[in-house]
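Numbering (my numbering), first residue to last: 3 to 466. The next block holds one structure in the form of structure tokens; read it before the comments.
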Ligand code: ADE
């Protein structure tokens, strides 16, 4: 069984099968992570000669795909279930990375590819949930558009791109286009690779890449650049109390969140992928407004304001323990004195033996979890939550107090430092052991405690 099923209703099923087979998507199909079912609409016509089109009433527009074969092809796939059904059409909403991410959360999606001059409106009304276009131009049919969407959605499904943290640096994710890249040879047609990239100095390389991304975005996509600048400005304001605001600053810097509200010291951010809202109010009278702006689908709200907490508790959120926000502001990497490796699915069962984290399997698939190994066997794990903070630290009972927790934390911290990030985490206030470990490593703590209020949702975002 695949993790996500794509059904494509089309007059050219071979185009879909052959178009996607040789690619990364084809490999993911072979591995069973996704499944692709191209359905020939013609197989469902009741007409002799397999006819599926006819003239448009009122004249003029040319041939239309008729309602019956499309409806029956759809029925054959869904068996009457209410599946997300995307009609690819130039009259649709423009497709974006955000939409790809949202669709990647589905288990099954049907794409309908139009042909000729269109499809009988009545069947569209019956089956279509989303009208989506891939751009303001007209193709001869919907197949290429459907393939574009399938490709963009499938690569976000854990496991499709391999065990990489490939979600980390993506064009559009932080409203910046990607920086230029170079491979061998060092000189080609007299053009040299920029010196800084050969320096081995990660900090300088990261800074250079950011500069390049900014220049490129400002030139090519001024619309994105404006959004980027707004986020950077807010991050600058939050930096006045870095210890208390690092979670919001990091989220803004990485382009993980939208600004739902910002002004006069009141802030509400929403990390849609993680389903996490972060809110702080400078004025009591703002708390009600901020609490009211928390999106319905947010599974977690992080705040240090007791009034926001109380309002959310009344609104169906569960009580939370107090957390301490910790951050590592030094730029020096930490020594890793145990064997630490990124975890693969091979270790899943062994890890499960001593660790019952929510979404353990997905975290491993996403390449977000690291393991400490002793004599080839995993004895502990730590990694990155979807919202960017480190955590998920767990060491098997019998292996505690032997430096595995320290090594795991150090490894994740180093990883974040390499990416130019400021490592931070949320530690339950009563977990004295964890705090002692972090303090020894050079972490600071925020001056006030936080709550992480959670709401029970049927389809909770945020776990890998
Ligand atoms: N079918 C034809 N042109 C299209 C487009 N631009 N986007 C989606 N589907 C289409």
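Ideal Cβ placement from N, Cα and C applies to all residues, glycine included.
Go ahead and pull the three-state DSSP assignment for residue i.
i: residue 421; result: coil
i: residue 111; result: strand
i: residue 376; result: strand
i: residue 150; result: helix
i: residue 413; result: helix
i: residue 106; result: coil
i: residue 451; result: strand
i: residue 265; result: strand
i: residue 28; result: helix
i: residue 406; result: helix
i: residue 40; result: strand
i: residue 178; result: coil
i: residue 135; result: strand
i: residue 227; result: helix
i: residue 430; result: strand
i: residue 94; result: strand
i: residue 285; result: coil
i: residue 302; result: strand
i: residue 442; result: helix
i: residue 168; result: Unreliable positioning characterises residue 168 in this predicted model, as indicated by a pLDDT of 48, which lies under 50. The coordinate reading is nonetheless provided below. Three-state result, residue 168: coil.
Compute the distance between the beta-carbons of residue i and residue j, then report whether it is under 7 Å.
i: residue 245; j: residue 448; result: yes
i: residue 469; j: residue 408; result: Not covered by the structure: residue 469. The range shown for the chain is 3 to 466.
i: residue 278; j: residue 305; result: no
i: residue 353; j: residue 383; result: yes
i: residue 112; j: residue 9; result: yes
i: residue 314; j: residue 459; result: no
i: residue 1; j: residue 412; result: No information on residue 1 is available, as it lies outside the stretch 3 to 466 that the chain covers here.
i: residue 104; j: residue 7; result: no
i: residue 121; j: residue 67; result: yes
i: residue 270; j: residue 292; result: yes
i: residue 359; j: residue 394; result: yes
i: residue 429; j: residue 328; result: yes
i: residue 208; j: residue 179; result: no
i: residue 340; j: residue 406; result: yes
I'd like the span of the alpha helix (DSSP H) that includes residue i, first residue to last.
i: residue 74; result: 69-80
i: residue 244; result: 244-255
i: residue 289; result: 289-295
i: residue 15; result: 15-22
Return the first residue and the last residue of the beta strand (DSSP E) that residue i is part of.
i: residue 306; result: Note, residue 306: premise wrong, no beta strand (DSSP E); not H, not E.
i: residue 281; result: 278-282
i: residue 207; result: Segment 204-222 is the alpha helix (DSSP H) holding residue 207; no beta strand (DSSP E) there.
i: residue 344; result: 341-344
i: residue 328; result: 324-329
i: residue 56; result: 55-57
Taking 8 Å as the cut-off, does the stretch 87-105 touch the stretch 133-144 (at least 3 CB pairs, one atom from each stretch)? Between the stretch 133-144 and the stretch 87-105, the count of Cβ pairs shorter than 8 Å is three or higher; the stretches touch.
Count the C-beta pairs between the stretch 357-376 and the stretch 258-274 that are closer than 8 Å, then say yes if the count reaches three, no if not. Between the stretch 357-376 and the stretch 258-274 there are fewer than three inter-stretch CB-CB distances shorter than 8 Å, so the stretches are not counted as touching.
Is the stretch 420-435 touching the stretch 279-297, taking contact as three or more C-beta pairs under 8 Å? The stretch 420-435 and the stretch 279-297 do not touch, with fewer than 3 CB-CB distances between them shorter than 8 Å.
Report yes or no: do the stretch 175-184 and the stretch 27-43 share at least 3 C-beta pairs separated by less than 8 Å? Flag = no, the stretch 175-184 and the stretch 27-43 do not touch.
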